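Protein chains in written order, with the working numbering: chain H, 1 to 267; chain F, 268 to 480. The beta carbon of each residue, even a glycine, is placed where N, CA and C say it ideally should be. Only a predicted model underlies this, so the values are computations on that prediction, with no experimental measurement involved. Have a look at the structure below, then the notes.
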Amino acid sequence: MNTNVIELHIWQLVAAYVFILILLAIVKIRGIKREKEILISSVRMTLQLILTGYILMYLFENESWLLTLLVLLVMEIFAINNIYRRVNVRISNQLKKIIALSMVTGTVTCLLYFIIIVIGLRPWFSPRYFIPISGMLIGNSMTGISLGVSRLVNDINNQKHLVESSLMLGATPKIASKEIVDNAFDSAILPTINSMVGMGIVFLPGMMTGQILSGVSPVTAIEYQIAIMLGILGSVALTVILFLQLGYKTFFNKKSQLVFESTESKQ
Amino acid sequence: MFRFQNVTYKDIINIKSLTIPSKKIVCITGESGGGKTTLLKLLNKMISPDSGEIFYLDEPLEELDAISLRRKVIMLPQNPAIYNGTVKDNLLIGLKFSEKAMESDDKLFISLQSARLNKKLDDSVDNLSGGEKQRLALARVLLLNPDVFLLDEPSASLDEETEKIIIENLVAQCKQNAKSIIMVTHSNKIATTYSDLIIRIDKGKVVNEEAMI
């Protein structure tokens, strides 16, 4: 099946930019001031993908565990920084450390299980598999934790009164914040669960589409897609629960008192 | 029972020396913003002093476990939280939080009567008025049977007659069971009628202690 791949010529790729021109025309006519952002994002996407293409080509031709782990490290750092920027609340340094720890521990644990047990990759660091799979696990976990952080901090901020009343009735910090932690977990994993429901009917996931376009049998493509989706769910759940289990504690001190420093909204 | 030694908290509390006796009805009065609620919160370790020491039964609060202390010295805040669900859920949640054995419906009903709340156990809390919520929270605290009740304006949302009945009942129960009440109140009438000791706080300082005979 691999012989059917249509190689895109440069002019064909250029032709696709016509969609950007259409968008620019729409915002120009309607007077929506977004031209700059559209241009910057198009240029950034193009340059970033070209660069990634060349880097991946280099990595695939020079397979090495060291290089693969280096890429994993860069992805983790990028994802963690992205979480810090994306959450709409101010977060304490202690909470930032917990976000980083949960991201690394959760994604790496799931990644190793997936690579070694589920697909039995040999060698384990083969970048053609290792890098895209880690990208998907890290990217989705990043979104999950971002949602979890925002929900946890906002809820503790808005429900200080309830948490404090529970402490006054003799609740431990764990019991006093249980409902908030559970709700944060739920809202963090819900998008992943919802995307599983629509998968294959409402939309075809990117990885599967990519494999099919590059000539892989749809049956093989869906096998990978099912496996990766389960891996993503596991990784999101593990990173978010790790974050929440450690994160709620930063809102209490050793005397089981609610501390307020880290619970203000970002201005 | 409680002893203060040079206790300061931010610029809200500055108490050189204060002793609150046990098994008594103690009222704390004073202008609003004078530090009365902060004083209560210091007693059950919801906050800790910046300097000085507070002792409970001759043990420094700093050395006592906050959770165990709060299960013996329970605070009813001025605007207590009401949790989603029924009247019964709200009564049981206190027992659950403090890891005590669940009580029978009869016992729950008696606590409602003590707080003069005429509601069924399976009534929803959604339609309760401010005063009814305050009485439900009081019933929840009564059910926990602590050694010390810290009550912050427990009758603020009640009419005078209900206030009188509830406080009278509460005081009688505490005297009978040798419990202590430390109650913040704006009502001089309540303070003078029921207290064994009135402590007047102004700008974080104890300005007057008056034993009632």
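Roughly how many angstroms lie between the CA atoms of residue i and residue j, to the nearest whole one?
{"i": "GLY135(H)", "j": "ASP372(F)", "result": "56 Å"}
{"i": "GLN12(H)", "j": "GLN159(H)", "result": "55 Å"}
{"i": "LEU49(H)", "j": "VAL43(H)", "result": "10 Å"}
{"i": "PHE243(H)", "j": "VAL87(H)", "result": "14 Å"}
{"i": "PHE114(H)", "j": "ILE377(F)", "result": "58 Å"}
{"i": "GLY215(H)", "j": "GLU7(H)", "result": "12 Å"}
{"i": "MET1(H)", "j": "THR192(H)", "result": "Its pLDDT being 47, under 50, MET1(H) is placed unreliably by the model, and nothing is read from it."}
{"i": "LEU343(F)", "j": "ILE189(H)", "result": "37 Å"}
{"i": "MET369(F)", "j": "ILE360(F)", "result": "9 Å"}
{"i": "LEU395(F)", "j": "LEU409(F)", "result": "19 Å"}
{"i": "ASN140(H)", "j": "THR239(H)", "result": "10 Å"}
{"i": "THR296(F)", "j": "LYS290(F)", "result": "19 Å"}
{"i": "CYS441(F)", "j": "ASN475(F)", "result": "25 Å"}
{"i": "ILE279(F)", "j": "THR305(F)", "result": "8 Å"}
{"i": "SER256(H)", "j": "LEU162(H)", "result": "15 Å"}
{"i": "PRO218(H)", "j": "ASN183(H)", "result": "37 Å"}
{"i": "LYS257(F)", "j": "LYS96(H)", "result": "This structure gives no information on residue 257(F), because the portion of chain F shown stretches from 268 to 480."}
{"i": "ILE26(H)", "j": "GLU399(F)", "result": "58 Å"}
{"i": "VAL473(F)", "j": "ILE465(F)", "result": "11 Å"}
{"i": "TYR268(H)", "j": "MET196(H)", "result": "The requested residue 268(H) is not part of the displayed model; chain H covers only 1 to 267."}
{"i": "LEU405(F)", "j": "GLU329(F)", "result": "28 Å"}
Who pairs with residue i in a beta bridge, going by DSSP?
{"i": "GLN272(F)", "result": "SER284(F), GLU320(F)"}
{"i": "ALA478(F)", "result": "LEU464(F)"}
{"i": "SER447(F)", "result": "VAL415(F)"}
{"i": "ASP469(F)", "result": "LYS472(F)"}
{"i": "GLU326(F)", "result": "TYR323(F)"}
{"i": "PHE251(H)", "result": "In DSSP, PHE251(H) forms no bridge with anything."}
Applying the 10 Å Cβ sphere with the 16-neighbour rule, what's the burial state of residue i?
{"i": "ASN273(F)", "result": "exposed"}
{"i": "ALA79(H)", "result": "buried"}
{"i": "PRO316(F)", "result": "buried"}
{"i": "TYR58(H)", "result": "exposed"}
{"i": "LYS303(F)", "result": "buried"}
{"i": "ALA458(F)", "result": "buried"}
{"i": "PHE60(H)", "result": "exposed"}
{"i": "ASN81(H)", "result": "exposed"}
{"i": "LEU47(H)", "result": "exposed"}
{"i": "SER262(H)", "result": "Interpretation of SER262(H) is limited by its pLDDT of 47, a score under 50 that renders its predicted location unreliable; the figure taken from the coordinates is listed afterwards. With 16 or more Cβ atoms within 10 Å of its Cβ, SER262(H) is classed as buried."}
Checking contacts by CB at 7 Å: is residue i closer than that to chain F?
{"i": "GLN166(H)", "result": "For clarity, residue 166(H) is Ser in the given sequence; the question names Gln instead. SER166(H) counts as touching chain F."}
{"i": "LEU56(H)", "result": "no"}
{"i": "SER177(H)", "result": "no"}
{"i": "SER256(H)", "result": "yes"}
{"i": "THR220(H)", "result": "no"}
{"i": "THR172(H)", "result": "yes"}
{"i": "LEU147(H)", "result": "no"}
{"i": "LEU8(H)", "result": "no"}
{"i": "LEU162(H)", "result": "yes"}
{"i": "LEU169(H)", "result": "yes"}
Hey, does residue i have any beta-carbon neighbour from chain H nearer than 7 Å?
{"i": "ILE334(F)", "result": "yes"}
{"i": "PHE364(F)", "result": "yes"}
{"i": "SER338(F)", "result": "Sequence inspection shows Arg at residue 338(F); the Ser mentioned does not correspond to that position. Interface residue, yes."}
{"i": "PRO347(F)", "result": "yes"}
{"i": "LYS303(F)", "result": "no"}
{"i": "LYS312(F)", "result": "yes"}
{"i": "MET479(F)", "result": "no"}
{"i": "GLY297(F)", "result": "no"}
{"i": "GLY398(F)", "result": "no"}
{"i": "MET450(F)", "result": "no"}
State the CB to CB distance for the pair residue i and residue j, rounded to an integer number of angstroms; the pair is presumed to be in contact (CB under 8 Å).
{"i": "VAL202(H)", "j": "ILE131(H)", "result": "Their Cβ separation, rounded to whole angstroms, is 28 Å, which puts VAL202(H) and ILE131(H) out of contact at 8 Å."}
{"i": "ALA221(H)", "j": "MET208(H)", "result": "5 Å"}
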